[in-house]
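**Student:**
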Amino acid sequence: MDHAAEAQRTDLMTITRHALNEQGRHPESRGDFTILLSHIVLGCKFVASAVNKAGLAKLIGLAKLIGLAGETNVQGEEQKKLDVLSNEVFVKALVSSGRTCVLVSEENEAAIFVDAPLRGKYCVCFDPLDGSSNIDYGVSIGTIFGIYMIKDKDNATLEDVLQPGTDMIAAGYCMYGSSCTLVLSTGNGVNGFTLDPSRGEFILTHPNIKIPNKGKIYSVNEGNARNWDAPTAKYAERCKFPQDGSSPKSLRYIGSMVADVHRTLLYGGIFLYPADKKSPSGKVRYADA
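Spelled out as structure tokens, the structure:
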């Protein structure tokens, strides 16, 4: 392989090019979604860098590289927890895009209504850093987001945000691990992009992802088994002891929703976080099991 030639390639399918190609399918489009997506991508790059530095800070004691909760920097300022920092990064990125009117973050108790001069037609619901409690263990964590359209941006209310998932314009996640991978769907398939640090670009590496029809993996926190209802317990039992003569399924459970979902997308199987006796309506913060 000619590494010099590879380094100079400019014909790669970046996430920006992909978005522009999708935009070309809609002649009525003004590029608002593409601009919004570029700001989400920027936020992901910032958080990816912060996550890497946080790991380094923990290892060598250089906490000044990134704010860690409960500590104070040399100026006496209280340093910020990584998920709080990530939240600020995404809120600022989304507001500055000029394409959002309502932001709903897992880190904020109330929805954020964007000031009128910067309002756009989109609502973004997101968890800035799902599974952040796992960062000390080197487990992949991630950002989750979903995008909705708001009919009247100037008079948006909470009721306008409470839309079914079928009305989503786009949804995706960015996983921060051994590599930084952003997986996105705009309703026309699912595509994965990996951050190339040398270029600072997300490159299409997993085009048109489809979950295999049959998977050999089941993913669930069996520590909660005693609280499951009978059908859930029976399903897990059959995964371990199939009655049709097939091989047992392998258990793989990470506890970070993004990582578990990503593996399931690529290799098939099932990821469960069932309601149980303790949480009969289920739980929103899946990674906190």
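At position 139 of the sequence shown the residue is numbered 139 (the UniProt record's numbering), and the sequence of numbers has no breaks.
Glycine included, each C-beta is placed from N, C-alpha and C at the ideal position.
1. Name the two residues that bound the continuous alpha helix (DSSP H) containing Phe-90.
2. Rounded to whole angstroms, what's the CA-CA distance from Gln-163 to Gly-245? Just pull it up for me.
3. Smallest Cα separation from Asp-127: which of Phe-241, Gly-189, Ile-144, Ser-279?
4. Tell me, please, which residues DSSP counts as bridged to Cys-125.
5. Within its chain, find whatever has a CB closer than 6 Å to the CB of Cys-123; leave out the 5 residues flanking it on each side and keep chain order.
6. Looking only at its chain, what residues have a beta carbon closer than 7 Å to the beta carbon of Ser-250, apart from the 5 residues adjacent to it on each side?
7. Enumerated in chain order, which unbroken segments of the beta strand (DSSP E) with a length of 3 residues or greater are wholly contained in the segment 161-226?
8. Considering Val-258, what are the terminal residues of the alpha helix (DSSP H) in which it resides?
9. Please work out which residues of its chain come closer than 6 Å, Cβ to Cβ, to Cys-125, disregarding the five sequence neighbours upstream and downstream, and give them in chain order.
10. DSSP three-state label for Thr-14, please.
11. Taking Cβ positions, are Thr-100 and Gly-120 nearer each other than 8 Å?
12. Just to confirm my understanding: we take Arg-252, look at its own chain, exclude 5 residues before and 5 after, and list those with CB closer than 7 Å. What are they?
13. Please list, in chain order, all residues of the same chain as Asn-87 whose beta carbon is under 6 Å from its beta carbon, the five residues on each side excluded.
14. Output the distance between the C-alpha atoms of Gly-269 and Lys-214, rounded to the nearest integer angstrom.
15. Out of Met-257, Tyr-267, Asn-224, point me to the one whose CA is closest to Cys-174's CA.
16. What does the alpha-carbon distance come out to for the pair Ile-135 and Ala-93?
17. Would you grab the beta carbon distance between Thr-205 and Gly-189 for me? Rounded to a whole angstrom, and I think it's under 8 Å.
18. Below 6 Å CB to CB, which residues in the same chain sit around Gly-177 once its five sequence neighbours on both sides are set aside?
19. Our contact map puts Gly-200 next to Ser-185 with C-beta atoms below 8 Å; I'd like the distance itself, whole angstroms only.
20. How long is the line joining the alpha carbons of Ile-203 and Thr-16, rounded to whole angstroms?
21. Using the C-alpha atoms, what's the distance from Phe-90 back to Glu-133?
22. Does the beta-carbon distance from Leu-266 to Lys-45 come in below 8 Å?
23. Spatial neighbours of Phe-271 within its chain, please: CB distance less than 7 Å, with the 5 preceding and 5 following residues excluded, ordered by chain position.
**Tutor:** Concretely, from the data shown:
1. Sequence index remark: in the sequence shown, residue 90 carries index 90 (1-based). Where Phe-90 is concerned, the enclosing alpha helix (DSSP H) stretches over 82-96.
2. Numbered from its first residue, the sequence shown carries residue 163 at position 163. Numbered from its first residue, the sequence shown carries residue 245 at position 245. When rounded, the distance between both Cα atoms is 44 Å.
3. Here residue 127 is taken as the residue at index 127 of the sequence shown, counted from 1. Minimum Cα distance to Asp-127 is reached at Ile-144.
4. By one-based count along the sequence shown, residue 125 stands at place 125. In DSSP, Cys-125 forms a bridge with Val-104, Gly-146.
5. Locating residue 123 in the sequence shown gives position 123, counting from the first residue. Within the same chain, Cys-123 has close Cβ partners Val-102, Tyr-148, Ile-150, Val-161.
6. Residue mapping note: residue 250 aligns to position 250 of the sequence shown, counting from 1. Within the same chain, Ser-250 has close Cβ partners Lys-216, Ile-217.
7. 170-176, 180-185, 190-196, 201-206, 217-219
8. To locate residue 258, count along the sequence shown from 1; it is residue 258. Val-258 -> alpha helix (DSSP H) spans 257-267.
9. Position 125 of the sequence shown holds residue 125. Correct list, in chain order: Val-104, Gly-146.
10. Locating residue 14 in the sequence shown gives position 14, counting from the first residue. Of the three classes helix, strand and coil, the one that applies to Thr-14 here is strand, per DSSP.
11. In the sequence shown, counting from the first residue as 1, residue 100 sits at position 100. In the sequence shown, counting from the first residue as 1, residue 120 sits at position 120. Yes, the pair counts as a contact, with Cβ atoms nearer than the cut-off.
12. For the purposes of this step, residue 252 is identified with residue 252 of the sequence shown, where counting begins at 1. These residues qualify, in order along the chain: Ile-217, Ser-219, Arg-263.
13. Taking the sequence shown and counting its residues from 1, the one referred to as residue 87 is at position 87. Once the five neighbours on either side are set aside, the close Cβ partners of Asn-87 are Ser-105, Glu-107, Pro-128.
14. Position 269 of the sequence shown, counted from the start, is the residue given in the question as residue 269. Position 214 of the sequence shown, counted from the start, is the residue given in the question as residue 214. Their Cα atoms are separated by approximately 7 Å.
15. By one-based count along the sequence shown, residue 174 stands at place 174. Of the candidates Met-257, Tyr-267, Asn-224, the one whose C-alpha sits nearest the C-alpha of Cys-174 is Met-257.
16. As a working note, residue 135 is residue 135 in the sequence shown. As a working note, residue 93 is residue 93 in the sequence shown. Computed Cα separation, rounded: 23 Å.
17. Position 205 of the sequence shown, counted from the first residue, corresponds to residue 205. Position 189 of the sequence shown, counted from the first residue, corresponds to residue 189. Contact flag wrong, Cβ pair sits at about 15 Å.
18. On the sequence shown, position 177 is the one that residue 177 refers to. Contacts found: Ser-140.
19. Counting from 1 along the sequence shown, the entry for residue 200 is found at position 200. Counting from 1 along the sequence shown, the entry for residue 185 is found at position 185. Not quite, the Cβ-Cβ distance comes to about 24 Å (not below 8 Å), so this is no contact.
20. Here residue 203 refers to the residue found at position 203 of the sequence shown. Here residue 16 refers to the residue found at position 16 of the sequence shown. Approximately 9 Å between the Cα atoms of the pair.
21. The residue labelled residue 133 in the question sits at position 133 within the sequence shown. The residue labelled residue 90 in the question sits at position 90 within the sequence shown. Here residue 133 is Ser; the residue named in the question, Glu, does not match the sequence. Whole-angstrom Cα-Cα distance: 19 Å.
22. The count along the sequence shown starts at 1 and reaches residue 266 at position 266. The count along the sequence shown starts at 1 and reaches residue 45 at position 45. Not a contact, by the Cβ cut-off of 8 Å.
23. The residue you call residue 271 lines up with position 271 of the sequence shown. Closer than 7 Å at Cβ, skipping near neighbours: Ser-219, Asp-260, Val-261, Thr-264.
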